[in-house]
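> After the structure tokens below, expect a handful of questions from me.
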Amino acid sequence: MTHPAESIEKQTLITRLAVSIYKMDAEHLAQLLETLQPQEGADAGNPESRVPQPAGGDSPQLRRQMTIARIFVLLQQMDKATLLQRLGNMDGPQFNWVRQFPRIPCYLLVDFATGGRAYRSTIRDISANGVFIETSQPFEKGQEVALCFTFSEAGETLPFKIKGYVSRVYADGIGVHYAQMTHYRRDILNTLIHKIC
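Next up, the structure:
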């Protein structure tokens, strides 16, 4: 049985997604549908997982409506953890809307260490789930990182230390996902982000 809070969080996420889904073009809808589809054989025996596919001769509007309907059926069938994991696999700036914790543009200095080396750089955007750090240094996906950044509010500095791992590597920086984040720490960080950034 799903915990009521978990169910509410999932429905909030789906509602947030719905706004974007209806604005998506056919290509992005197809990418989202492909990402959400169950792995082969995973739901083969589940009759609810069989959603009608649009026929090739249908109008573009009907195909779009059928694709959106299939997406919503799949969203409702997934638990929140699976949904977030699948959405997290979608790469590229056009899919920033799928984040449970949207990144907020900011400018924060960050000290971070990995592989016995220390670095100082800038956080370009931040969320309660991770950060984007500007860097030209070479990093690998999955590499562990220890972060320390400071929020400033009304002359008071609020340091925040956390461990994470490199989840994305780009030419201009890295996406770092926080590791072992408790709900309590995430709520504190989310509050600080929205107050200060």
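Every number in our numbering is 249 more than the matching position in the sequence shown, counting from 1. A virtual CB, placed ideally from N, CA and C, is assigned to each residue, including glycine.
1) Of the residues 439, 285, 424 and 396, which one's Cα is nearest the Cα of residue 333?
2) Could you tell me whether the stretch 436-444 touches the stretch 384-394, using the rule of 3 or more Cβ pairs below 8 Å?
3) Can you find the residues in the same chain that come closer than 7 Å, C-beta to C-beta, to residue 428, ignoring five residues on each side of it along the sequence?
4) Under a three-way DSSP split, which group does residue 329 fall into?
5) Report, in whole angstroms, the separation of the C-beta atoms of residue 238 and residue 320, which I expect to be a contact under 8 Å.
6) Of all the options 352, 354, 380 and 401, which has the alpha carbon lying nearest to the alpha carbon of residue 361?
7) Using DSSP with H/G/I as helix, E/B as strand and the rest coil, what is residue 312?
8) Would you mind sorting residue 261 into buried or exposed? The rule is 16 or more other CB atoms within 10 Å of its CB.
9) Give a yes or no on whether the C-beta atoms belonging to residue 317 and residue 278 are separated by under 8 Å.
10) Tell me the DSSP bridge mates of residue 432?
Reading it off the structure:
1) With distances taken between Cα atoms, residue 333 lies closest to 285.
2) Inter-segment contact for the stretch 436-444 and the stretch 384-394 is absent: fewer than three beta-carbon pairs are separated by less than 8 Å.
3) Only 412, 413 and 414 meet the Cβ criterion.
4) In the structure shown, residue 329 falls within a helical segment according to DSSP collapsed to helix, strand and coil.
5) There is no way to answer for residue 238, as the model of the chain reaches only from 250 to 446.
6) For residue 361, the nearest C-alpha among the options comes from 380.
7) Residue 312 falls in the helix class under three-state DSSP.
8) Under this definition residue 261 is an exposed residue.
9) Yes, these two residues count as a Cβ contact at 8 Å.
10) Beta-bridge pairing links residue 432 to no other residue.
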